[in-house]
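Visitor: Sharing a structure here in structure tokens format.
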Amino acid sequence: DTGVSQNPRHKITKRGQNVTFRCDPISEHNRLYWYRQTLGQGPEFLTYFQNEAQLEKSRLLSDRFSAERPKGSFSTLEIQRTEQGDSAMYLCASTIVPLALGTQYFGPGTRLLVL
Amino acid sequence: DAKTTQPPSMDCAEGRAANLPCNHSTISGNEYVYWYRQIHSQGPQYIIHGLKNNETNEMASLIITEDRKSSTLILPHATLRDTAVYYCIVRVAGTYKYIFGTGTRLKVLA
């Protein structure tokens, strides 16, 4: 399968713990997005990478959230000191075409439950 | 910020055309409109996009009004597998941020 992959698919953690999610984009895609989706809502933009550079972060991304894409390939999203409000689906998407034609290919998501 | 508005839900009989409207009155002049759908709890799937002209591909057709303030996604012969949440999406001009909105939950009825 050459699509976008995300690991783990599900994560249950206790409030206050740190969690890290991984996204492996389609191999030739140099642009990568993270989104968060809560129940009944559409995905909300979190951050954007072009190669290894993080070019935009949403105001939703508090200081407890950090994302990296160290070699311009896979990306990680870390949440420190998790809160119950962090419970959501975290989606990763990648693309390669110029921004105006930025068709995004989404992974299956990581579903986080904070107890 | 750019914003999209869609009806929360629609029903469509199997085999009939499903017409899904979207209002994006704040779209900037050179920004595209994208449509995605999300089945169950999978990641969203790209359907089609357009700028000014109507577009058609193997999945759907996209009709964009002349003033670009709204568009309609058309699934010409809906099947039960088209039951999903459909999102119209625009990018906030000058940023890399895409706005999804709450989408339309389409239910195709046998």
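Each protein sequence line maps, in turn, to chains A and B.
Per this note's numbering, residue 1 is the first one in the first sequence, and the count goes up by one each step.
Per this note's numbering, residue 1 is the first one in the second sequence, and the count goes up by one each step.
Heads up, the beta-carbon is just placed ideally off N, CA and C, and yes, glycines get one too.
Any chance the stretch 75-95 of chain A sits against the stretch 27-38 of chain A, with 3 or more Cβ pairs inside 8 Å?
Guide: Short answer: they touch.
Visitor: Checking contacts by CB at 8 Å: is A/P116 closer than that to chain B?
Guide: The structure shown does not extend to residue 116 of chain A, since chain A spans only 1 to 115, so no value can be given for it.
Visitor: With DSSP as the reference, label A/L113 as helix, strand or coil.
Guide: Translated into positions along the first sequence, residue 113 of chain A becomes position 113. Strand, per DSSP.
Visitor: Does the Cβ-Cβ distance between A/S66 and A/F45 come in under 8 Å?
Guide: On the first sequence, position 66 is the one that residue 66 of chain A refers to. On the first sequence, position 45 is the one that residue 45 of chain A refers to. No.
Visitor: Report all residues from its chain with a CB closer than 6 Å to the CB of A/N51; omit the five preceding and five following residues, and keep chain order.
Guide: Numbered from 1 along the first sequence, position 51 holds the residue referred to as residue 51 of chain A. Result list for A/N51: N30 and G72, in chain order.
Visitor: Using a Cβ cut-off of 8 Å (strictly closer), state whether B/A93 contacts chain A.
Guide: Along the second sequence, one-based indexing puts residue 93 of chain B at 93. It does not; no Cβ of chain A falls within 8 Å.
Visitor: Name the chain B residues that come within less than 8 Å of A/P108, Cβ to Cβ?
Guide: Within the first sequence, the letter at position 108 stands for residue 108 of chain A. Those are Q42 and G43, listed as they occur along chain B.
Visitor: Where does B/D67 sit, in a helix, a strand or coil, going by DSSP?
Guide: What you label residue 67 of chain B is simply residue 67 of the second sequence in a count that begins at 1. Of the three classes helix, strand and coil, the one that applies to B/D67 here is coil, per DSSP.
Visitor: Could you check which residue in B/F100, B/A110, B/Q6 and B/V33 has the C-alpha nearest to that of A/P43?
Guide: Looking up residue 43 of chain A in the first sequence gives position 43. Here the closest residue by C-alpha is B/F100.
Visitor: Starting from B/L75, follow its DSSP beta bridges and name the residues at the other end.
Guide: Within the second sequence, numbered from 1, the residue matching residue 75 of chain B stands at position 75. B/L75 is bridged to B/A18.
Visitor: Going straight from the alpha carbon of A/A100 to that of B/M59, what length do you get?
Guide: The count along the first sequence starts at 1 and reaches residue 100 of chain A at position 100. The count along the second sequence starts at 1 and reaches residue 59 of chain B at position 59. Low confidence applies here, because A/A100 scores a pLDDT of 47, under 50, leaving its location unreliable; read the following figure in that light. Cα to Cα, the separation comes out at about 21 Å.
Visitor: Can you tell me where the beta strand (DSSP E) with B/L109 in it begins and where it stops?
Guide: Locating residue 109 of chain B in the second sequence gives position 109, counting from the first residue. Where B/L109 is concerned, the enclosing beta strand (DSSP E) stretches over T104 to L109.
Visitor: Which residues mark the beginning and the end of the beta strand (DSSP E) in which A/M89 is found?
Guide: Against the first sequence, residue 89 of chain A aligns to sequence position 89. A/M89 -> beta strand (DSSP E) spans A88 to T95.
Visitor: Are the stretch 7-17 of chain A and the stretch 78-86 of chain A touching by the rule of at least three beta carbon pairs closer than 8 Å?
Guide: Yes, the stretch 7-17 of chain A is in contact with the stretch 78-86 of chain A.
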